[in-house]
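Visitor: The structure follows.
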Amino acid sequence: MPELPEVATIVGELDAVLRKARILTIENPDGGKTHLRAEIRKVERVGKNVVLHLSGKKYIVLHLRVTGQLIFSKDKKYTDKYKRFKIIFDKGALVLSDRRKWATCKIISEKELKQLRLSLGIDALSDKLTLAEFTDLLKRSKTSIYSFLLNQKRISGLGNIYVNEVLYISGIHPKTETSNIDKKHAQKLLKAIKKTITNAIEHKGTSFSDYKTASGASGGYQKFLKVFRREGEKCRCGAYIKREKNSGRSMFYCPKEQQVL
Ligand SMILES: [Zn+2]
144 MPELPEVATI VGELDAVLRK ARILTIENPD GGKTHLRAEI RKVERVGKNV
194 VLHLSGKKYI VLHLRVTGQL IFSKDKKYTD KYKRFKIIFD KGALVLSDRR
244 KWATCKIISE KELKQLRLSL GIDALSDKLT LAEFTDLLKR SKTSIYSFLL
294 NQKRISGLGN IYVNEVLYIS GIHPKTETSN IDKKHAQKLL KAIKKTITNA
344 IEHKGTSFSD YKTASGASGG YQKFLKVFRR EGEKCRCGAY IKREKNSGRS
394 MFYCPKEQQV L
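The working numbering numbers the first residue of the sequence shown as 144 and each following residue consecutively.
Below, the structure is given as structure tokens:
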């Protein structure tokens, strides 16, 4: 599933090619067409959303959900077997495809963009996410650290891949209650979040099955993952990585190095 590093990679590539591009048409999944004459001002990441800023204070919000791909091609005729939306520009085409058909594309107003920002917690990479703010958020929450980190209303950007990785790096068991995390562990965890996300962006994200960058390349961070989808494999400490279900998702952790605090 595309998380902050994957969406940031896509947004970086799209911002470089789409600034000043003129939109001509949007093709919808039902075959209908929306004609929209506007120019792209910039491309921004808001949480895990890709937001195209258009002239006339309109915005296109794209979300990849779990298996979506967003590919830009200079060829306006470019398409994909699982195409959902296609935005045709004077410079080429942007195709949002998804084999599960969950990916979304919406045109929104400035007010709706504001609401979208307000619906999300502090961005994992924001300077506003200080240790003081982080420990305060942990104290106020009454849930496991695993659920806390996945909740986009608390901190936005993290998903199942990076949540499992940062908990491993900081030696915290995913089932630990947030209120039991002391300052030392909170500091370790926050550092792990910032560092892991930054490293993953440098490697253009993690590709398991579906994720591709906007130019169609694969990410490279999967080879650095220590626990995610590594159940049954030997950890550096000699223990075997465990996988455990938690409300439909999988927690991956080292039973020896990650203790419930
Ligand atoms: Zn271990």
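For every residue, glycine included, the Cβ atom is placed at its ideal position computed from N, Cα and C.
Excluding sequence positions up to five away, which residues of its chain have a Cβ less than 6 Å from the Cβ of CYS378?
Guide: ILE384, CYS397.
Visitor: Go through its chain and collect everything with a Cβ distance to LEU293's Cβ below 6 Å, but skip five positions before and after it.
Guide: Closer than 6 Å at Cβ, skipping near neighbours: VAL306.
Visitor: Shortest alpha-carbon distance to LEU261 belongs to which of ILE298, ALA357, CYS248?
Guide: Checked all of ILE298, ALA357, CYS248; the closest Cα to LEU261 is ILE298.
Visitor: Would you give the residue range spanned by the beta strand (DSSP E) that ASP241 belongs to?
Guide: Note, ASP241: beta strand (DSSP E), 236 to 241.
Visitor: I think GLN295 touches GLY190, with their Cβ atoms under 8 Å apart; what is that distance to the nearest whole Å?
Guide: The pair is a contact, with the Cβ atoms about 6 Å apart (cut-off 8 Å).
Visitor: Is any heavy atom of ligand 1 found at a distance shorter than 8 Å from the C-beta of GLY468?
Guide: Only positions 144 to 404 of the chain appear in the structure, and residue 468 is not among them; the question remains open.
Visitor: Quick check on this structure: which residue in ALA360, PHE351, SER361 has the alpha carbon closest to the alpha carbon of LEU368?
Guide: The candidate whose alpha carbon is nearest that of LEU368 is PHE351.
Visitor: So who's on the other strand from PHE215, going by DSSP bridges?
Guide: Answer by DSSP bridge pairing, in chain order: LEU237.
Visitor: Report whether the distance from the Cβ of ALA382 to the nearest heavy atom of ligand 1 is below 8 Å.
Guide: It does: the Cβ of ALA382 is within 8 Å (strictly closer) of some heavy atom of ligand 1.
Visitor: Just the Cα atoms here: how many angstroms apart are ARG165 and SER269?
Guide: About 31 Å.
Visitor: Could you give the DSSP three-state label for ASP279: helix, strand or coil?
Guide: Looking at ASP279 - three-state DSSP - the assignment turns out to be helix.
Visitor: Got a sec, what are the start and stop residues for the beta strand (DSSP E) LYS176 sits in?
Guide: It spans 176 to 189 - the beta strand (DSSP E) in which LYS176 sits, taken as one unbroken run.
Visitor: Taking the alpha carbon of ASP325 as the point to measure from, which residue in ARG208, LEU207, ILE250, ALA275 has its own alpha carbon closest?
Guide: Taking only the C-alpha atoms, the option nearest ASP325 is ALA275.
Visitor: Kindly list the residues whose CB is nearer than 6 Å to the CB of ILE203, restricted to its own chain and excluding five residues on each side of it in sequence; keep chain order.
Guide: Here the set comprises LEU195, ILE250.
Visitor: Can you pull the DSSP bridge partners for GLU149?
Guide: GLU149 is not bridged to any residue.
Visitor: Going by C-alpha to C-alpha distance, which of ARG242, TYR289, GLU320, ASN323 sits closest to ASP223?
Guide: Of the listed residues, the one whose Cα sits closest to ASP223 is ARG242.
Visitor: Closest by CA to ASN192, which one among GLY375, PRO148, VAL160, ILE231?
Guide: Nearest option by C-alpha distance: PRO148.
Visitor: Residues bridged to LEU167 by DSSP?
Guide: Paired residues: none, contrary to the question.
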